[in-house]
Amino acid sequence: MLVHTSEIPAENHEVLVLGSGLAGMSAALAARETGAAVTIIDKAPETSRGGNTRFSGGALRCPTADTRPEALVEELDQITKGRADRKLAQVLYGRAENDVQWLRDLGAPVASPSVERPDLRGGKMSYHVLGNGYGLVESLYPLLAQRGIACKFETKATEFLTDAGGRVVGVRAKARNGYVDLHARAVVLATGGFQANTEMRVRYLGREAGNLVVRGSRFNTGDGMNMAMALGAQSTGDWGGFHSAVMDARSLPVEAGETNINSFPYTIMVNRDGERFVDEGADFFDVTYVKYGKATLAQPGSVAYCLFDAEVAERELVYCLHREFAPLEASSIARLAKNLGLPADKLQATIDAYNAAVQPGEFNSEIRDGKCTRGIVPPKSNWALPLATPPFFAFPVTGGITFTLGGLKVDERMRVVDTESRAIPGLYAAGEMIGGIFYDNYPGGASLLRSLVFGRLAGSAAAALAKLS
Ligand SMILES: Cc1cc2nc3c(=O)[nH]c(=O)nc-3n(C[C@H](O)[C@H](O)[C@H](O)COP(=O)(O)OP(=O)(O)OC[C@H]3O[C@@H](n4cnc5c(N)ncnc54)[C@H](O)[C@@H]3O)c2cc1C
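Be aware that the sequence shown starts at 15, since it is given in the working numbering, and climbs by one per residue.
Okay, structure coming up:
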């Protein structure tokens, strides 16, 4: 569409932050601390403020006295098979303890996972924000007004404004009353990934990705990435990859929230043909849930079932985080198969083979207990209990998408770089839209941390530039 620029009203700002999630709010608060005047715009209505952050589980993967930053850098290296940008990973985990303390000092209710989320125990998600993502957003949002940071909702950035030298000097935005040119000395992009854009999902992630349940915000449609790439920004990272989860198949198609079945390691997972397809107990869920969300999506009909028996139910280990979704229950395997529409003989054979393969040993959900199967493929490496005591239960599951992994290339100061690897003056980016950190798999709790650490860094750098200009 051709817009007659002379008719577009203009406003002047100092630091302009696009997006009101954790990356955007961290950037805004940090820029303000540095003395800059800050404005946030977000295309969502105020009631949907906070983007994906609002939907998040609030878990933070942060170094502790026991797990030093270098260990988490190594873990990321291992999980991403050596592809993660090591320098960015060092910045991320090196600054994490300080920045989580900053978040606490701002008033965010950061606690130990055991307080509200016992399911997060055992892994390396060392902190959890009480009230999950909602608690996080609502603890930070009032601070913006208190500190004089203006927020304009229902204001969507559509393109960058640049000067003749290529420096970013603001954005054109579409507000409720029409277009407005928002001039600024520095711009921080924090508009999230493209997971809520079906067209981009299919384009980059493949045909099946059209069926994914979108766990978070409907507003993360890749706008900021597309705007930046149109300007010549360099894309990087795993553009064919995404963060997934094992989701209850009864979830809403978008903004599903925390409908994960994170307790799948204590079940056996079968597909529509009654066959197991993953080592459910390979590790704690925070290391495997991304892979297994994708594995579930790839099953016939993109559906599977997490099965467990009365003995496991008694231990209260298996549940949907969204407690309103109860498991389906049946008095026998045959009846369960009938209710789920699975081939009863095949399911019984799968369970018989599994039960026969379970090795003796002590079950302990708090550690990798080594209680495993022997002689079946795929094995179950930990937490293998026989499925033998009626009644039997099933959660129907599918694959969800949390966020996309490809994004913009930034340097260690969060400056967006162009395709010739030169920083684009005036343009910073943070959070979910940064590429090069996560590939294929993902260590749980690291995305909020990325938004916090990189957001704070981007905001400080943008404010410093604005003050110089
Ligand atoms: C259900 C769920 C559970 C999760 N649990 C965890 C967890 O426990 N731990 C963890 O580390 N991570 C978790 N994540 C991931 C994590 O929450 C996100 O990756 C992170 O919060 C992203 O923060 P962000 O600030 O980069 O983006 P967001 O919080 O998504 O904010 C982006 C904002 O940009 C706005 N926007 C988009 N386009 C435009 C535009 N053109 N103009 C203006 N504004 C625009 C959007 O409306 C949105 O408000 C979870 C995600 C989901 C969905």
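Just so it is clear, CB atoms sit at the ideal spot from N, CA and C, and this is done for glycine as well.
Proximity test, residue i beta-carbon vs ligand 1 heavy atom, cut-off 6 Å
| i | result |
| --- | --- |
| Ala44 | no |
| Asp113 | no |
| Arg229 | yes |
| Ser34 | yes |
| Thr416 | yes |
| Asn66 | yes |
| Asn234 | yes |
| Glu338 | no |
| Asp69 | According to the sequence as given, residue 69 is Phe; it is not Asp. At least one heavy atom of ligand 1 is nearer than 6 Å to the Cβ of Phe69, so yes. |
| Glu446 | yes |
| Leu219 | no |
| Ile55 | yes |
| Val125 | The sequence shown places Ala at residue 125, rather than the Val named in the question. The answer is no for Ala125. |
| Ala122 | no |
| Lys188 | no |
Cβ of residue i within 7 Å of any chain D Cβ
| i | result |
| --- | --- |
| Gly450 | In the structure shown, chain D does not exist; there is a single protein chain. |
Euclidean distance between Cα positions of residue i and residue j
| i | j | result |
| --- | --- | --- |
| Glu89 | Arg68 | 27 Å |
| Ala358 | Asn455 | 34 Å |
| Ser265 | Ile22 | 42 Å |
| Glu343 | Ser379 | 23 Å |
| Leu32 | Val467 | 17 Å |
| Leu354 | Ile415 | 24 Å |
| Ala242 | Lys170 | 14 Å |
| Gln104 | Val301 | 20 Å |
| Thr418 | Val227 | 13 Å |
| Arg1 | Val268 | Here the chain has residues from 15 to 483 only, and residue 1 is not among them. |
| Glu60 | Ser70 | 18 Å |
| Leu158 | Lys95 | 39 Å |
| Leu117 | Tyr141 | 12 Å |
| Gln313 | Val185 | 43 Å |
| Asn191 | Leu175 | 20 Å |
| Ile163 | Arg382 | 47 Å |
| Gly179 | Leu245 | 13 Å |
| Arg181 | Leu441 | 8 Å |
| Gly65 | Ser465 | 12 Å |
| Ile54 | Lys138 | 32 Å |
| Glu338 | Glu152 | 24 Å |
Proximity below 7 Å, CB of residue i to CB of residue j
| i | j | result |
| --- | --- | --- |
| Leu150 | Ala122 | yes |
| Gly469 | Ile448 | no |
| Val29 | Val52 | yes |
| Lys352 | Gly288 | no |
| Thr250 | Val411 | no |
| Ala247 | Val430 | yes |
| Val3 | Ala472 | With the chain covering 15 to 483 only, the question about residue 3 has no answer from this structure. |
| Thr48 | Ala477 | yes |
| Ala444 | Ala110 | no |
| Leu102 | Ile451 | yes |
| Thr235 | Ala210 | yes |
| Tyr107 | Pro77 | yes |
| Val143 | Gly72 | yes |
| Met530 | Leu154 | An answer regarding residue 530 cannot be provided, because it is not within the stretch 15 to 483 covered by the chain. |
| Ala327 | Ser395 | no |
| Ala348 | Val372 | no |
| Leu331 | Ile365 | no |
| Pro405 | Ala324 | yes |
| Leu463 | Arg75 | yes |
| Arg46 | Arg221 | no |
| Ala98 | Asp91 | yes |
Other residues of its chain near residue i: CB distance less than 6 Å, five sequence neighbours each side excluded
| i | result |
| --- | --- |
| Arg427 | Ala475 |
| Glu446 | Gly206, Gly207, Phe417 |
| Asn225 | Ser316 |
| Gly389 | Ala371 |
7 Å Cβ shell around residue i - same chain, five flanking residues per side excluded
| i | result |
| --- | --- |
| Phe489 | Outside the modelled stretch of the chain, which goes from 15 to 483, sits residue 489, for which no answer is possible. |
| Gly254 | Tyr218, Leu219 |
| Ala263 | Val317, Pro410, Val411, Thr412 |
Beta-carbon contacts of residue i that lie in its chain and below 8 Å, excluding the five residues immediately before and after
| i | result |
| --- | --- |
| Ser483 | Arg199, Ala200 |
| Thr172 | Val185, Arg186, Ala187, Lys188, Tyr193, Asp237, Met241 |
Quiz item: Taking only runs of the beta strand (DSSP E) that begin and end inside the stretch 228 to 276, which ones reach a length of at least 3 residues, in chain order?
Solution: Scanning the stretch 228 to 276 from its first residue to its last, the whole beta strand (DSSP E) runs of 3-plus residues come out as 256 to 262.
Quiz prompt | Contained beta strand (DSSP E) runs [length at least 3] in the stretch 25 to 52, N- to C-terminal order | solution = Counting only runs of 3 or more, we get 29 to 32.
Practice problem: Entirely within the stretch 289 to 371 and at least 4 residues each: give me those alpha helix (DSSP H) ranges in chain order. | Solution: For the stretch 289 to 371, whole alpha helix (DSSP H) runs of length 4 or above, ordered along the chain, are 299 to 311, 324 to 328, 347 to 354, 358 to 371.
Quiz item: Which full runs of the alpha helix (DSSP H) of 4+ residues lie inside the stretch 61 to 118, going along the chain?
Solution: The alpha helix (DSSP H) runs of length 4 or more contained entirely in the stretch 61 to 118 are, from start to end of the chain, 65 to 69, 83 to 93.
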